[in-house]
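For reference, the structure discussed in these notes is given below.
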Amino acid sequence: MLSDADLLRFARDLVAIPGVVAVALGGSRARGAHSPDSDVDLGVYVDGRRVDRAALSATVSRWATTPVMIGPAGSWGPWVDSGAWATIAGMPLDVIIRDADRVRAQVARARRGEFAFHAQPGHPLGFLDVAYAGEVALAKPLVDDAGFLRDHAAALAPYPEPLRRAFLDDLWQVDFLVDAAAKVADRGDTAYIGLCLSNAAVRLAYAWHAQARTWAINEKGVVSGVPRLPSAPADFDVRVAAALSALDASPEGARAAVEMLRALPRPS
């Protein structure tokens, strides 16, 4: 088992590498919502212009049970820099590299009320660019000697009102997607209808989180998290599941799914 003391020593080894700015605990462990077998998510914030990636690979490998390789920027896709999956002291650990310049840019966008979703492997709706800001707001810094994480988290507290409004203003896309699904409900195009409805449900869930001034940083868990939000519908996730489960190749199933999704409550 990886102890807190060992995790801190590992983080200090990483920060000693040229170009590493800070290291933070992320994911469920940062929020205190983890189970004993939850992976450890470790965000490693770097100056992309000068970080020594070979030294990063060597340091993680020294701690891990098997050697790992941290690739060049963009090797995990355009919106996820790179990283490594490792096992340290029997604990699965995800080392995720984050470029400090991109974090700065997305913190500024979040404060202005700007966001977008981008194509990225592993993200069915798309990578939410201001997730870089949300990660900083939610993370638990392990080593942050220069105050990079502290200062940017402070800039995001409280949750930016322009960003809350932007997510609510984006709800027109929910109607657009549901209407698009309705237009082909009689054609048996189940995959297209399913994509429209699931996309609409996830966008609506993001808006509920924003209305509650609660950061949501990816699609995973965003729908199931809505009932835990203040003033949000307690059965939101159940109703989304029912709508998507109603969908089949029949016109009746498609129309039922569309109308169930259309009837979901909206934040305002």
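The sequence shown begins at 1 in my numbering and counts up one residue at a time. Glycine included, C-beta positions come from ideal geometry on N, C-alpha and C.
Buried or exposed (CB count within 10 angstroms, at least 16 for buried), Tyr132: buried
Residue closest to Tyr206, alpha-carbon to alpha-carbon, out of Asp189, Asp237, Gly19 and Asp179: Asp237
Alpha-carbon spacing of Tyr192 relative to Ala181, whole angstroms: 7 Å
Outcome for Arg150 when other beta-carbon atoms lying within 10 angstroms are tallied against a minimum of 16: exposed
Rounded straight-line distance, which links the Cα of Gly71 to that of Ala200: 34 Å
For Ala242 and Ala232, the rounded distance between their alpha carbons: 18 Å
Cβ-Cβ separation, Ala249 to Gly188 (assumed contact under 8 Å), whole Å: 5 Å
Run of the beta strand (DSSP E) containing Glu24, from where it starts to where it stops: Inspection of the sequence shows that residue 24 is occupied by Ala rather than by Glu. Unbroken beta strand (DSSP E) run through Ala24: Val20 to Gly26.
Cutoff 7 Å; reference Arg102; Cβ partners in own chain excluding five residues on either side: Tyr132
Cβ contact (3+ pairs, closer than 8 Å) linking the segment 1-19 and the segment 71-80: no
Nearest-angstrom Cβ-Cβ length linking Val136 and Val95, presumed shorter than 8 Å: Not confirmed; about 17 Å, so no contact.
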